[in-house]
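Participant: Here you go, one structure.
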Amino acid sequence: AANVAFGYWSHDIGGFFDRVEPELYVRWVQLGSLSPVFRAHGFRDPLHERRFWLFDEAAFVAMRSALRLRAELVPHLYTAARAAYDGGGAGGRAAG
Numbered sequence: 009a010a011n012v013a014f015g016y017w018s019h020d021i022g023g024f025f026d027r028v029e030p031e032l033y034v035r036w037v038q039l040g041s042l043s044p045v046f047r048a049h050g051f052r053d054p055l056h057e058r059r060f061w062l063f064d065e066a067a068f069v070a071m072r073s074a075l076r077l078r079a080e081l082v083p084h085l086y087t088a089a090r091a092a093y094d095g096g097g098a099g100g101r102a103a104g
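So for the sequence shown, this note's numbering puts the first residue at 9; every next one is plus one.
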């Protein structure tokens with residue numbers, strides 16, 4: 009998204025339709041935790057669970073680890089967001 013100057017984007021982590029397997033949800037959380045905006049949400053439906061602590065232990069631990077990494081990166085994310093605001097660019101850019 010940065011190539012079109014759209015710096016604040018996110019995923020609808022968990023999607024809205026159909027039940028997802030825990031492994032797929034974990035992968036979405038891991039990707040989303042490195043995105044500029046993190047949003048885990050969806051329908052209020054018992055078949056569409058999004059609360060991390062209600063998944064099995066392995067999935068919960070993996071999601072918690074991703075969120076802890078995000079928390080550690082907050083100073084860098086904030087700095088990139090401020091630089092994007094001041095300079096008009098995007099906080100996330102392609103590597104290389």
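For each residue, glycine too, the CB sits at the ideal point set by N, CA and C.
Computed from a predicted structure; not experimentally measured.
Comparing alpha-carbon positions, which option in Arg27, Tyr86, Val34 lies nearest glutamate 65?
Facilitator: When each option's Cα is compared against that of glutamate 65, the closest is Val34.
Participant: Output the boundary residues of the alpha helix (DSSP H) element that contains serine 73.
Facilitator: Start and end: 65-95.
Participant: Rounded to a whole number of angstroms, what is the C-alpha to C-alpha distance between phenylalanine 25 and histidine 56?
Facilitator: Going from the Cα of phenylalanine 25 to the Cα of histidine 56 covers about 8 Å.
Participant: Among the residues of its own chain, which have a CB less than 6 Å from the CB of glycine 40, if the five just before and after it don't count?
Facilitator: Same-chain partners within the cutoff: His19, Ile21, Phe46.
Participant: How many Å lie between leucine 3 and aspartate 94 at the Cα?
Facilitator: Only positions 9 to 104 of the chain appear in the structure, and residue 3 is not among them; the question remains open.
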